[in-house]
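Okay, so the sequence shown: first residue is 15 according to my numbering, each after it adds one. Beta carbons are placed, not taken as given, at the ideal position from N, Cα and C, and that holds for glycine. Owing to the predicted nature of the structure, the values given are computational and were not obtained by experimental measurement. Okay, so here's the structure we're looking at.
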Amino acid sequence: MTVVIDARGLACPQPVIMAKKAMEENEQVTVLVDNETAVENIRRMAGKMACAFSAVQKEGGVWEIALSRTRADIQGPQAVPDGGIACDALYGREAGPLVVVLSDNHMGRGDDVLGDILIRSFVHTILQLKPLPDTIICYNAGVKLAVRGSAALDDLQQLEQAGVDILVCGTCANYFVLGDQIAVGHISNMYDIAETMAGAGRLVRP
């Protein structure tokens with residue numbers, strides 16, 4: 015039996031939270047949303063949980079998302095049949111991922127001009143790290159580093175091309191009226207940001 019979750023009209027991160035909770039308790043879930051950001055957020059969540067994902071746009075701007083867990087019947091939150099893999103187990107790795115948090119477009123306090131030089135140098139230096147970070151998170155004024163014309167943009171784009179996942183806080187981009195200027199990474203939500211930080215093996219904040 016497919017469970018239907020109506021998340022139309024809900025602000026992020028509610029649609030992805032509702033979808034995740036439903037998938038933890040059911041084998042097949044249909045989620046209704048009314049914006050592409052929610053579709054993308056749920057797609058990424060499904061990838062992390064190793065769930066099948068498909069999305070079809072219906073009339074009136076509504077998206078119908080189908081999620082399914084095909085590897086094993088669900089017998090409870092902790093029940094995993096022989097050979098199966100629990101969804102929660104997919105979120106962690108033995109060593110834990112390296113996550114870099116950019117919460118400002120300057121580095122340190124005291125002088126903004128110096129802070130601007132330092133943050134540009136820091137982002138550029140990340141390219142030299144071995145291994146590279148798994149994820150870079152930009153929130154608050156840190157989202158300004160991800161916009162067109164940013165002095166750090168070229169380095170961030172190189173990091174993304176090298177496989178680094180870059181999360182840009184959507185609420186922050188909207189607050190600074192920069193939503194249409196983001197030129198690297200993808201708009202994310204507080205659920206993804208909190209989950210990524212909580213699951214980090216190493217968390218770096220310049």
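Sequence-distant residues of the same chain with beta carbon closer than 6 Å to residue i, five excluded per side
i: glutamate 72; result: Note that residue 72 is lysine in the sequence shown here, rather than glutamate. Once the five neighbours on either side are set aside, the close Cβ partners of lysine 72 are Glu78.
Whole-angstrom distance between residue j and residue i, CA atom to CA atom
i: valine 6; j: serine 164; result: Any answer about residue 6 is impossible in this case: the structure gives the chain only from 15 up to 220.
i: serine 68; j: valine 30; result: 15 Å
i: isoleucine 88; j: alanine 64; result: Low per-residue confidence applies at isoleucine 88: pLDDT is 44, beneath 50, and the placement is therefore not dependable, though the value from the model is reported in the following sentence. Cα to Cα, the separation comes out at about 14 Å.
i: glycine 129; j: histidine 138; result: 14 Å
i: valine 182; j: threonine 16; result: 33 Å
i: valine 5; j: asparagine 154; result: The question about residue 5 has no answer, for the chain in this structure spans 15 to 220.
i: glycine 110; j: leucine 173; result: 19 Å
i: isoleucine 207; j: alanine 160; result: 16 Å
i: lysine 158; j: arginine 134; result: 12 Å
i: valine 45; j: aspartate 169; result: 37 Å
Test: residue i CB closer than 8 Å to a CB of chain B
i: threonine 139; result: No chain B is part of this structure, which consists of one protein chain only.
Own chain residues within Cβ distance below 8 Å of residue i, not counting five before or after
i: serine 82; result: Glu41, Gln42, Val43, Cys65, Ala66
i: glycine 61; result: Phe67
i: leucine 167; result: Leu159, Ala160, Val161, Ala197, Val198
Range of the contiguous beta strand (DSSP E) that encloses residue i
i: histidine 200; result: 200–202
i: aspartate 20; result: 17–20
i: alanine 69; result: 66–71
i: alanine 80; result: 77–82
Counting Cβ pairs, one atom from each stretch, are 3 or more of them under 8 Å apart for the region 168–179 and the region 19–34? no
Please go through the region 25–51 and give each complete beta strand (DSSP E) segment of 3 or more residues, from N-terminal end onward. 42–47
Enumerate, from N- to C-terminal direction, the unbroken beta strand (DSSP E) stretches of 3 or more residues contained entirely within the region 115–178. 149–152
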